[in-house]
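Undergrad: So the sequence shown is residues 930 to 1248, counted in my numbering. Here a beta-carbon is modelled for each residue, glycine too, at the ideal position from N, C-alpha and C.
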Amino acid sequence: MRVLVLGSARRWRIESCFARALGRAGHEVLLLDDRRLARTIGRRATQRWVRWRADRFRPDFVLLSKCLGLELETVRHLARDRANAMWYSDAQWFTHAEVRDDIAHIAAVAREARTLWLPSFVDEWRAMGYDARLLPFAADRDIVPATPVPALAADVAFLGTGYDPERARFLVELAKHVRVRVWGLGWEKWRDRLDWAGKPVEGRDFAAVCSSAALTLGITAANAKGHPFYTDRMFLVMLAGGCYLGEGGRDASRMLADGVHCLWYDSLDDCIAKSKRWIADDAGRRRIREAGERFVREHHTYDERVTHFLTGAPYVYPL
């Protein structure tokens, strides 16, 4: 099957992971990065070039994403009379569909798709009239653990941006009890209270941080509370050699088993207690790291997820 994928061509971005997984499944894949094209050749020229390239490719299936570099008429041209679906990673922003132009555009693109696949907030999108279906995040199978680096060692590593004051306060409190190191942009306001690396990490550097820390922490964003799988972070961490400590919530136990594949906490106090307990248990963490990585490779890679786009088969929880 010839599959056209719209989205980021950066190696570790989700659409690029989808494209590689589809290729491994034997499909002929064309990945078009509409936003990069719009920045490079201009928005107007992008519409013409994408239409021309897609028509020449003659896809049997079109996988849409945010399509922020495309006009709606271009999206309609690509999807018309072709099997198609859309993946939207930031489903929690359904609340802003009428107040933010970018979210309004994404919501309009989703109207052109026959099926809208979401990692969370499926009921909310269905209530808005979409044929929304659950498809959780996953990770690229090419992610592997790294050799631990003593200079990167920490009790708890957190990798993410500092856009949320609640997230910062959580880390500051946790850092009073265990050694926390933070990687990512936007932490200037808290640099005096956090051990902040001053930069984000990707690829092998990401794996080195996860593999070198005793625990790698996940904190659910304020607008996604109760929905731990609004992000792919836990799966990335677990393939990258991390022992994942994350905030539990809806369907957590149906995706990953607490104390077997990862560690779930339900409050700051619980996070502090579990951090202390597992930092002191090297053998226990090693067991969880190894079991978690095996389980993610078996059940939570994009090689498993992409089959749902093409077949429409519902997602079934592994636990």
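1) Within a Cβ cutoff of 7 Å, which residues of the same chain sit near F1099, ignoring the five residues on either side of it in sequence?
2) Can you round the beta-carbon distance between C1172 and L1144 to whole angstroms, since I take them to be within the 8 Å contact cut?
3) Assign L992 to buried or exposed, taking buried as 16 or more other Cβ atoms, counted over all protein chains shown, within 10 Å of its Cβ.
4) Assuming D1069 and Y1231 make a contact with CB atoms under 8 Å, what is their CB distance in whole Å?
5) Measure how close the beta-carbons of A983 and L951 come, nearest whole angstrom, since I'm counting them as under 8 Å.
6) Below 8 Å on the Cβ atoms is my contact criterion, and I expect M1015 with S994 to pass it. Report the Cβ-Cβ distance as a whole number of Å.
7) Can you tell which of A1153, Y1246, F1066, W1193 has the C-alpha that lies nearest to the C-alpha of R1162?
8) Just to confirm before moving on: does the CB-CB distance between R972 and G936 stay below 8 Å?
9) Following the continuous alpha helix (DSSP H) through H1224, name the residue where it begins and the one where it ends.
10) With distances taken between CB atoms, is the gap from K1205 to L1192 smaller than 8 Å?
11) Under the three-state reduction of DSSP, which class applies to E1176: helix, strand or coil?
12) What residues are listed by DSSP as bridge partners for E957?
13) Mind checking which residues open and close the beta strand (DSSP E) that includes R1110?
14) Of the residues A1209, M1057, H1156, which one's Cα is nearest the Cα of A1033?
15) Confirm, please, whether the CB-CB distance from R1110 to A1080 is below 8 Å.
16) On a CA-only basis, which of I1201, F1224, V1189 is nearest L1103? Give me that one, please.
17) For the pair the stretch 1231-1242 and the stretch 1178-1189, tell me if three or more CB-CB distances fall below 8 Å.
18) Of all the alpha helix (DSSP H) runs that stay within the bounds of the stretch 1071-1115, which reach a length of 4 or more residues?
19) Using C-beta distances below 6 Å, list every residue in its chain close to L1174, excluding the 5 sequence neighbours before and after it, in chain order.
20) Just to confirm before moving on: does the CB-CB distance between Y1059 and A1039 stay below 8 Å?
TA: Checking against the coordinates, here is how it stands:
1) I1148, L1197
2) Contact holds; Cβ gap of about 5 Å.
3) Buried, since its Cβ has 16 or more Cβ neighbours within 10 Å.
4) 6 Å
5) Contact flag wrong, Cβ pair sits at about 16 Å.
6) 7 Å
7) F1066
8) no
9) Reading off the sequence, residue 1224 comes out as Phe, not His. That run of the alpha helix (DSSP H) goes 1211-1228.
10) no
11) strand
12) E957 pairs with R931.
13) For R1110, the enclosing beta strand (DSSP E) begins and ends at 1109-1112.
14) M1057
15) Between A1080 and R1110, the gap from beta carbon to beta carbon reaches 8 Å or more.
16) I1201
17) no
18) 1094-1103
19) L1144, L1146, L1192
20) Yes, Cβ-Cβ distance for Y1059 and A1039 is below 8 Å.
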